[in-house]
Amino acid sequence: MSIGRVGHLPSPVRGEKTNDVAAVVARAPAEQVAEAKLAQVSHVDIDAFIEQRSGRAASRGLIPSMIALLSPAAPKPPSAAATAMANSLQQALGALHDVYKDGLVTEGEIAELGGALSAIGDVLALQDPAILQMLPRGVRERLQDRLFEPLQLLHDTAHQRSQQVLGAVTNRDLMPLRERLDDVKVVFTPLDVGRVAKSGGSLTGAERYAVGDYVAVPRSSGAVSLGVVTGHDPDGLRVEVLAGNSVGMQKVRPEDLASANPLKIGDYIQHGNAQAWITGLGPDGKLTATVQDAKGIHHVGGENVDRLAAAVAHQISDLRTQAKAVARAPAAPPVAAQSLVRAGGFENVTADAVKGNTATGGLFTYRGVDYADYNEDGAVLGVVPKGNGVKSETFYAGAFDQAGGMGHVKETGAASRIAAQHFAKASEAIARGAPPEQTLRGAVDSAQAELCAVNDLHKVNMATTFVGGVVQDGYAHIVNAGDAGAVLYDKQGRVKEQTESHNIYDEAAKKASPLSDVDCMLRFAHNISSCLGQVDQPPKVDAYKWKVEPGDYVVFFSDGVGDLKLQAQKNDLKAGKSWTRPNGDVAAEEIGRVVAKAGSAEAAAQAVARDFAGDQVRSGEGKPDNAAAVVVRIAG
Amino acid sequence: MNLEERLALLGGLTKGGMRDLAGLTAADVGAVSHFAAAAFQSKKFEISAKAFAALAALEPDSPLHLVHLAHALAGQGDKVGAVEAIDRFLAQERPGSAADMVRALMLRAELVAGTDRVGAENDLKAAHIIAAGSPLAQQILAGSAP
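Residue numbers (my numbering), protein chains in the order written: chain A, 132 to 767; chain B, 7 to 152.
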């Protein structure tokens, strides 16, 4: 029943009431009676609701899902495979206990350990005789013999060790900015000159800085201080600096950033036969560096760093000149078929690239920031060249996001891998003449079937989203099931088209006017309303056909990218400020700016999924998640 | 055992690994669930809550255990615990049908109405929006279905 139909009987969401209950009851099936009664209960009339509930409390029995538990199947012993798995886990758990007994709990596993200890504690509660003695003997024996003792040992040992580590971590994280700046610990990353050249950016651009980076900050007094980046604004970097004995927030304009930072603190540069590390800020307010060359190791600063920056800038300029010359070269080279299915736990270190004559593509997927130590997102990028029965060069790309909170098997990202493989196969068929929409919908169906079969075999509940498309003959044909997304941008990075997210908040937001009417639904922004893997709820699939033009970008991404403004909207709502546009639309616009600025599809995929996503999570505006972005740039 | 292996094992324990560790079959878990529901029916809410909490840890991909846990905690008088369990349920990516979500939101509204009226209003408002696409959910909201 659509919201439009409910609206015929004035909707309680809009605060109207009806007196037409009798008329409705007279003609009606149960659902219309329910509608009428629903309309009579004002959504803000809590007192009436409570009265209604308490009036029925005494007669309120078990809810239907609990009633269903009262008719269980007869217990039976585990299969040989299950016993083998249990034995293997017993050994692993024993090894884990030995590790913690020796005190080797690291800070990196504290969060995971905390979650596990809490769940272990809940299971150990089954030792209560009032529960245990009431269970069938076989079940009781399996719990007692195989579960309680190893879990109790692990629980007790690990709990003690983790408390010690937590104490140390808490003390460290409270360390004020002053100590951080007194004890500078720079993390060095290689400066990719080729990427800077391709991207059209500069050595001194703000886009090179991530939250947490050190930066030289010009002060109004004329001095230069060391600061820490806390975020980006359209007109500059936000930084924290020490101002006397307190911490000050400052904005650094692009020209000031460039003058004080000819290179970035943390750059590692290979130039000719020399290597250089940009280490920090000297007392003269100029950057310092450590250089290793044929003559040995030198600590330099001031003009020497400026000269190094000029040399690197010259190198970038040369690369750009060469690139222009290549771009003017006649005759397209032959295109090799490529099919990249990056799934099953795969993580990019640098972006993948695919090149064709009609488009180029880039792909980047990884675990994300502050989320997990594995990647369950999958991504696909491929090209089928013209010829050998293929009428037109066909690009294909997609993103597949396994729902982290639902079931798993041993293979990381198995569900998204299944979806990715079916999509890639369908895309190859489309390149060879199969009808695009029908074939892509078929890929969703076949992935759904395989995933449900795997779930049934392993008695789990894995789920994944599916967004993918092919670009062929001037059109992008796309299907979407879930809350991953695809957006078509023009060459300036402006949104032309985008898929609709199958997500409870986004669906409500689409129908709401004003948007603040559905602020109460923002907490459901992670609840997907369509996905693959649920046998009783086949996925809802939307299909799109977008005209693409030279210079356009088609970008596919998981919700680890699409939700990069979600936390910002939630934070504002908590502070009493409702947004007028959903966070997904705001994120799509910012992603477009990042894509257009990156300069190539390959650079764009990495800039979106790694740099922009990481920045947003670290600054608290985005939600931690795995991230995947695939960019197809139409040639011309 | 290196850090990555430890993290994988710890993560696995919270994703159904404990069920596999004991070699528990679906029927075994069903037996525990039957006990938990029967205890609830006999108004032994504390015992029922312990059992449903264990089930939620053994089968984290069956979110309804959290709803049942919430009902048991509510029966025990632990409103805070019940609301936490409902919030964990609603935080799942696929918590369940519209009917399940509406039931959970109505219970939450009932539990928080005394201390957080705005929260209760938002719960009911959300329940109405979610129920819009489901006749059963609307009946539940109107009180004509359990």
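C-beta: ideal position from N, C-alpha, C; glycine also.
9 Å Cβ cutoff met for residue i and residue j
i, j, result
"arginine 741(A)", "phenylalanine 477(A)", "no"
"threonine 20(B)", "alanine 60(B)", "no"
"glycine 411(A)", "isoleucine 396(A)", "yes"
"leucine 394(A)", "alanine 425(A)", "no"
"tyrosine 345(A)", "valine 748(A)", "no"
"alanine 723(A)", "tyrosine 684(A)", "A small fix is needed here, since residue 723(A) is glycine in this sequence, not alanine. Cβ atoms of glycine 723(A) and tyrosine 684(A): closer than 9 Å."
"valine 511(A)", "valine 763(A)", "no"
"serine 709(A)", "aspartate 532(A)", "no"
"asparagine 586(A)", "glutamine 98(B)", "no"
"valine 514(A)", "lysine 486(A)", "yes"
"aspartate 34(B)", "alanine 55(B)", "no"
"glutamine 82(B)", "glutamate 116(B)", "no"
"glycine 493(A)", "glutamate 733(A)", "yes"
"leucine 255(A)", "histidine 228(A)", "no"
"leucine 278(A)", "alanine 28(B)", "yes"
"glutamine 768(A)", "lysine 754(A)", "This structure cannot settle anything about residue 768(A), because the visible part of chain A is limited to 132 through 767."
"leucine 193(A)", "glutamine 47(B)", "yes"
9 Å Cβ cut-off: residues of chain A touching residue i
i, result
"lysine 4(B)", "Past the boundaries of the shown model lies residue 4(B); chain B is included only from 7 to 152, so the question cannot be answered."
Range covered by the alpha helix (DSSP H) that runs through residue i
i, result
"asparagine 611(A)", "Here asparagine 611(A) belongs to no alpha helix (DSSP H); instead the beta strand (DSSP E) covers 606-612."
"glycine 745(A)", "744-749"
"arginine 271(A)", "268-274"
"valine 342(A)", "From DSSP, valine 342(A) is part of no alpha helix (DSSP H); its letter is neither H nor E."
"arginine 3(B)", "A query on residue 3(B) cannot be resolved here, the shown segment of chain B reaching from 7 to 152 and no further."
"glutamine 469(A)", "Premise fails: glutamine 469(A) lies in the beta strand (DSSP E), 469-473, not in any alpha helix (DSSP H)."
"isoleucine 635(A)", "635-642"
"phenylalanine 46(B)", "32-47"
"glycine 573(A)", "567-589"
Amino acids of chain B, ordered along the chain, whose beta-carbon sits closer than 7 Å to that of residue i
i, result
"phenylalanine 180(A)", "Ala115 and Leu130"
"aspartate 183(A)", "Aspartate is not the amino acid found at residue 183(A); the sequence shown has glutamine there. The contacting residues are Gly149."
N- and C-terminal bounds of the beta strand (DSSP E) containing residue i
i, result
"threonine 515(A)", "As written in the sequence, residue 515(A) is valine, which differs from the threonine given in the question. Valine 515(A) -> beta strand (DSSP E) spans 508-515."
"aspartate 422(A)", "With the sequence shown as reference, residue 422(A) is identified as valine, and aspartate is not the correct amino acid for it. Counting along the chain, the beta strand (DSSP E) containing valine 422(A) begins and ends at 418-424."
"glutamine 629(A)", "626-629"
"lysine 556(A)", "Premise fails: lysine 556(A) lies in the alpha helix (DSSP H), 545-562, not in any beta strand (DSSP E)."
"tyrosine 505(A)", "From DSSP, tyrosine 505(A) is part of no beta strand (DSSP E); its letter is neither H nor E."
"isoleucine 765(A)", "758-765"
"lysine 486(A)", "483-486"
"arginine 94(B)", "Note, arginine 94(B): premise wrong, no beta strand (DSSP E); alpha helix (DSSP H) at 85-96."
"serine 356(A)", "355-364"
"alanine 490(A)", "490-497"
"leucine 412(A)", "405-412"
"valine 73(B)", "Valine 73(B) -> not in any beta strand (DSSP E); alpha helix (DSSP H) instead, spanning 70-82."
"leucine 619(A)", "616-620"
"alanine 530(A)", "525-532"
Residue i: contacting residues in chain B (beta-carbon distance under 8 Å)
i, result
"arginine 273(A)", "Ala28, Gly29, Leu30 and Asp34"
"arginine 277(A)", "Leu27, Ala28 and Gly29"
"proline 670(A)", "Those within 8 Å of proline 670(A) in chain B number zero; the least Cβ separation is about 11 Å."
Cross-chain neighbours of residue i in chain A, by beta carbon under 8 Å
i, result
"glutamate 90(B)", "None at all; the shortest Cβ gap to chain A is about 12 Å."
"phenylalanine 41(B)", "Ile262, Met265 and Leu266"
"glycine 23(B)", "Leu220"
"leucine 64(B)", "Val254"
"phenylalanine 46(B)", "Leu193 and Met197"
"aspartate 106(B)", "Ser196"
"aspartate 122(B)", "Chain A residues near aspartate 122(B): none, gap ~10 Å exceeds 8 Å."
"leucine 96(B)", "Arg654, Phe655 and Asn658"
"leucine 70(B)", "Ser196"
9 Å Cβ cut-off: residues of chain B touching residue i
i, result
"threonine 214(A)", "Gly29"
"isoleucine 177(A)", "Ala115, Ala119, Arg123, Ala126, Glu127 and Leu130"
Residue i: contacting residues in chain A (beta-carbon distance under 7 Å)
i, result
"threonine 20(B)", "Gly246, Ala247 and Ala250"
"arginine 84(B)", "It should be pointed out that residue 84(B) corresponds to aspartate in this sequence rather than to arginine. Correct list: empty, because the minimum Cβ distance to chain A is about 14 Å."
Hey, which unbroken runs of the alpha helix (DSSP H) at 4 residues or more fall wholly within the region 98-124 of chain B? Counting whole runs of 4 or more residues, the region 98-124 of chain B contains the alpha helix (DSSP H) stretches 104-118.
Identify every run of the alpha helix (DSSP H) within the region 653-724 of chain A, keeping only runs that are complete inside it and at least 4 residues long; order them along the chain. The region 653-724 of chain A contains these whole alpha helix (DSSP H) runs: 690-693 and 697-705.
Does the region 593-600 of chain A come into contact with the region 610-626 of chain A, if we say contact requires no fewer than three beta-carbon pairs (one atom in each stretch) closer than 8 Å? Taking 8 Å as the limit for Cβ pairs, the verdict is that the region 610-626 of chain A does touch the region 593-600 of chain A.
Is there contact between the region 700-718 of chain A and the region 440-455 of chain A, where contact requires at least three CB pairs shorter than 8 Å? Taking a contact to require three or more Cβ pairs closer than 8 Å, the region 700-718 of chain A and the region 440-455 of chain A do not qualify as touching.
Any 3 or more C-beta pairs closer than 8 Å across the region 433-441 of chain A and the region 468-482 of chain A: Too few Cβ pairs lie closer than 8 Å, so no.
Could you say if the region 259-266 of chain A and the region 36-44 of chain B meet the contact criterion of at least three C-beta pairs nearer than 8 Å? Touching, yes.
Counting pairs of Cβ atoms below 8 Å between the region 90-106 of chain B and the region 64-71 of chain B, do you hit three or more? With a cut-off of 8 Å on Cβ pairs, the region 90-106 of chain B is in contact with the region 64-71 of chain B, counting three or more such pairs.
Please determine if the region 314-327 of chain A and the region 398-405 of chain A are in contact, where contact requires at least 3 C-beta pairs separated by less than 8 Å. Touching, yes.
Would you call the region 378-387 of chain A and the region 338-356 of chain A in contact, with 3 or more CB pairs under 8 Å? The answer is yes - the region 338-356 of chain A touches the region 378-387 of chain A, with three or more Cβ pairs under 8 Å.
Counting beta carbon pairs with one atom in the region 574-593 of chain A and one in the region 542-553 of chain A, are three or more of them shorter than 8 Å? Result yes; three or more Cβ-Cβ pairs closer than 8 Å.
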